[in-house]
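Chains as they are written, first to last, in my numbering: chain A, 1 to 259; chain B, 1001 to 1259; chain C, 2001 to 2259; chain D, 3001 to 3259. What follows is one structure encoded as structure tokens, with my remarks underneath.
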């Protein structure tokens, strides 16, 4: 049959370390007790050296994998605004961010073990061939053994595969999917799911069967080695906890894809 | 006798990669043909990912050692304004910069092989025990085999030695020295030397004998494994070239202290 | 008699608009219902154009006076780190910030009606003659009718008076005072007061009599046209509300010093 | 006849004050002796408070009109990268920049007397309705009597006219035009003109007759109240000087459109 093979292991990833200076965002410590992979901001869209040091050490001490959450150079816009960065410069921006985070990971006795683009760069690399290739070129140059975490079907993962990089697909716990297995745009009904238990059961089903229901009730194939959860609100943390508990209760192993 | 032992080998170092975005500063390529160690700006006081990539590759291809020229986070002030950064934060700022540059050095097939503070941080670490210790803590955490390049007699080098780091003393080719073997302050006569040949011969004497003349004609002991030259004006480049040629003509080996 | 004359009117000021981009800080709306003067961050230590626009409009619609809370260019350090900015550059940094905020004040149908330095600049201008004079020079150049809000006895207010500027002294509701009528340093016991009702009564006494008790029980003279309250925690907002209510109940008029 | 009416007066504008911190760009003083309108960078893509102060004073002392050259917040990219800034935020970014520059203009005894978008914002506002409208909204809010300088036929000028703002069209001295009277893209032959005398005579013809030759030899109608010249290279300055001299020799009055 053509359905994706069911898997019995999954990773939980979340964006962490996204404060800057005096400003905080989300509950890093709560999420570090839930996830197996921490996407750490590297100073371009959020994150500063103090935060990077602290969260790297907190992640390493818990055995949580450290990923470089690379973004556009745009603190004012939190990396959520698409920027026409020249591909060669984008490659260098990504190398800079990976290198800076890797320094703190090493100090914490670990290493950057994967890369995931953030915000507008994540979204743009879904379809923009040049920027997708630029991100891939950064990994290829810095360390071609680093896996790239991204959206299934994206230009980003396609370019990474062509370059011989490891790729990891993710699903979003709190997002609705269309019948075409793409995310429901945030401007449309059903884009965001808010019932922790329903979300948790949906993820159990997705991991166990490789299938889940679209926003309009169609069964779709979704195969993901990692599930993205959020921690920027108390409700988000509660949902992440619920997802982890349900996966665990269902006998699914929760384990990072990289280490 | 009490004079420092004469040495037959010396390093030439210079601040490079100090542009930002569209803006340029100095003639990196000309200096890379002169020096054996390149102090590369890491993005806090100057330097951006494109520049760091390009100059790392240019340095590596010439066999010039790559050093992290770490500074305060102050693009607007070019790192020339002393900032009361908390020591713990300063340590992290330095780790961030070393890590970022090390990424580009690795991509170029090399490594960051030493660290030198820039501008106001360099000057402050001469006497500020807390900031000096904070810089040293960064190297100790990131890679305790990295040598620290600095001013002889500074708190910075003293803390580094106490921490078991390798230290390298530098002399300034174009600066006058007092009878106490300290630099003549820039606000006083004799602070800056501008005759390339006289400067070059002075450096030959310093390397060969461990002695040179102070601004008021007293013979002083100055022992340095590295000589700092500049490249931000055509005259500065000519002086750097003259120093290298004179050292070479005198049979002194010009070789990096790290690789 | 030598005691400061009792006054029956006082202003309440607070630091507002201190978020940046996605990051928030404090409860601007709650404080705008309490204070008569809003010290708005201008983008150098905090604040961005969206925040400045929104808080200017919120302040103007409530008749709250808009002040430029000028600081060092240091988002990463929230303006809390002293920086050796050249005085001429500091003057220009302050003009830039006042002008930028004044644009939004005008758009909101108001004007910047006073200036108060923030954080490390505030503290440094208490004693640093050059930086104090530099701030004063900015007001003198931009609009010499703008009052300067600051610490009684500071170099800042002294320079302002010498330059013919209007000066306004402030007291801190939640800070202990020494027998010499200076603030108890934050590192010492009694520096911070946390009982809203006690703080409120203390401010009523200060406004009514020009006197209050020092941390060691000595009656001291404190005369202030404005009281600084904070809003960065729920407790701080509650204290600000308590101070306002107590002043009002005591028949003291709460009115801005500028408009 | 359908040709634009010949005019006997024209303005010369140029981008100035585009250094940052230690970094310089172009020869501001040389250009200030040539142009009648100075587009001054406001700190987002280039320019800092010291530069803004100095160039405002230099412009004011020569009677050169001061314009706010507003751009994206992108020092690293010099404002040359299109950014998907939310229109409401873009409006506020523009107000911030105008206000900041206006502060320095006032200190210099002048005022910001027009606005011209820079770089990628200029190009995007040619066709992006939302961003064009956002820039226009900033002028309408800050001071609806401020003229907007831009490209003839652009969405920017169209929105400005609809909003009742004054608009001023500009021609580019050193750019080739297509038969459709649009600029030849920089990637195509004929995009850049480099013969000062030919350029100067072309501008004399354009001002005198409202017509000039396209890159493929077709006579086209180009009507502009202002001519943009550059000063970032010695050759550019020489061309600007040649244009001014030729216009003057032809009896054309060179006068700012605003004051």
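Cβ atoms here follow ideal geometry from the backbone N, Cα and C, with glycine treated the same way. Just so we're clear, the structure is a prediction, and the values are computed from it rather than from any experiment.
*What three-state label does DSSP hand residue 2254 of chain C in the structure shown?*
strand
_Neighbourhood of residue 1109 of chain B by C-beta distance below 8 Å, restricted to the same chain and skipping five residues each side_ = 1060
_Assuming the contact rule is C-beta atoms closer than 8 Å, residue 3228 of chain D and residue 3089 of chain D should be a hit. Round their C-beta distance to whole Å, please._
Their Cβ separation, rounded to whole angstroms, is 27 Å, which puts residue 3228 of chain D and residue 3089 of chain D out of contact at 8 Å.
*Alpha carbon to alpha carbon, how far is residue 2031 of chain C from residue 2244 of chain C?*
11 Å
*How would you write the range of the beta strand (DSSP E) that residue 3011 of chain D sits in, first residue to last?*
3009–3016
*Exposure of residue 3233 of chain D, with buried meaning 16 or more beta-carbon neighbours within 10 Å*: exposed
*Enumerated in chain order, which unbroken segments of the beta strand (DSSP E) with a length of 3 residues or greater are wholly contained in the stretch 1003–1086 of chain B?*
1009–1016, 1037–1041, 1065–1070
*asked:* Distance cutoff 9 Å, beta carbons only. Does residue 3101 of chain D sit that close to anything in chain C?
replied: yes
*Enumerate in chain order the residues of its own chain whose CB-to-CB distance from residue 3190 of chain D is below 7 Å, with the five nearest sequence positions on each side excluded.*
3176, 3184, 3215
*For residue 3151 of chain D, which option in D:3141, D:3033, D:3122, D:3174 has the closest C-alpha, if you only look at C-alpha atoms?*
D:3122
*Please work out which residues of its chain come closer than 6 Å, Cβ to Cβ, to residue 2019 of chain C, disregarding the five sequence neighbours upstream and downstream, and give them in chain order.*
2025, 2051
_Can you check whether the C-beta of residue 3147 of chain D is within less than 9 Å of a C-beta belonging to chain E?_
Considering every chain present, this structure includes no chain E. Its protein chains are A, B, C and D.
*Would you list the residues sitting across from residue 3117 of chain D in a DSSP beta bridge?*
D:3070
*Count the other C-beta atoms from every protein chain shown that fall within 10 angstroms of the C-beta of residue 1159 of chain B, then say buried if there are 16 or more, exposed otherwise.*
buried
_Helix, strand or coil at residue 1090 of chain B according to DSSP, with G and I counted as helix_ = helix
*Taking 9 Å as the CB-CB cut-off, is residue 2216 of chain C touching chain B?*
no
*chain D contact residues for residue 154 of chain A, given Cβ-Cβ distances below 7 Å*: Within 7 Å Cβ-Cβ: nothing; residue 154 of chain A doesn't reach chain D, min ~19 Å.
*Boundaries of the alpha helix (DSSP H) in which residue 150 of chain A is found, first to last residue*: No alpha helix (DSSP H) holds residue 150 of chain A; the beta strand (DSSP E) holding it covers 148–150.
*Taking DSSP as the reference, what is the three-state secondary structure of residue 1156 of chain B?*
helix
_Using C-beta distances below 7 Å, list every residue in its chain close to residue 3181 of chain D, excluding the 5 sequence neighbours before and after it, in chain order._
3220, 3221, 3222
_Using a 10 Å radius around the Cβ and a threshold of 16 neighbouring Cβ atoms, would you call residue 2170 of chain C buried or exposed?_
buried
*Starting from residue 2211 of chain C and walking both ways along the beta strand (DSSP E), at which residues does that stretch end?*
2211–2213
*Please say whether residue 2039 of chain C and residue 2077 of chain C have beta carbons closer to each other than 9 Å?*
no
*Kindly give me the distance between the Cβ atoms of residue 3049 of chain D and residue 2095 of chain C, rounded to whole angstroms, as I take these residues to be in contact under 8 Å.*
7 Å
*asked:* Determine, for residue 1020 of chain B, whether the minimum Cβ-Cβ distance to residues of chain A falls below 9 Å.
replied: no
*Kindly list the residues whose CB is nearer than 7 Å to the CB of residue 3133 of chain D, restricted to its own chain and excluding five residues on each side of it in sequence; keep chain order.*
3087, 3159
_Using a Cβ-Cβ cutoff of less than 6 Å, which residues in the same chain neighbour residue 238 of chain A once the five nearest sequence positions on both sides are dropped?_
196
*asked:* Relative to the C-alpha of residue 2073 of chain C, which candidate in C:2092, C:2065, C:2144 has its C-alpha closest?
replied: C:2092
*Interface partners of residue 1073 of chain B on chain C, CB under 7 Å*: 2076
*Closest Cβ-Cβ distance between residue 83 of chain A and chain D: below 9 Å?*
yes
*In the stretch 1030–1055 of chain B, which residues sit with their C-beta less than 7 Å from some C-beta in chain D, listed in chain order?*
1048
*List the endpoints of the continuous alpha helix (DSSP H) containing residue 265 of chain A.*
The structure shown does not extend to residue 265 of chain A, since chain A spans only 1 to 259, so no value can be given for it.
*By Cβ distance, which residues of its chain are closer than 7 Å to residue 2241 of chain C, with the 5 residues on each side in sequence left out?*
2034
*Exposed or buried, what is residue 187 of chain A when buried is set at 16 or more other beta-carbons lying within 10 Å of its beta-carbon?*
exposed
_Could you check whether the Cβ of residue 3194 of chain D sits closer than 9 Å to any Cβ belonging to chain C?_
no
_Can you give me the C-alpha to C-alpha distance between residue 218 of chain A and residue 211 of chain A, rounded to a whole angstrom?_
10 Å
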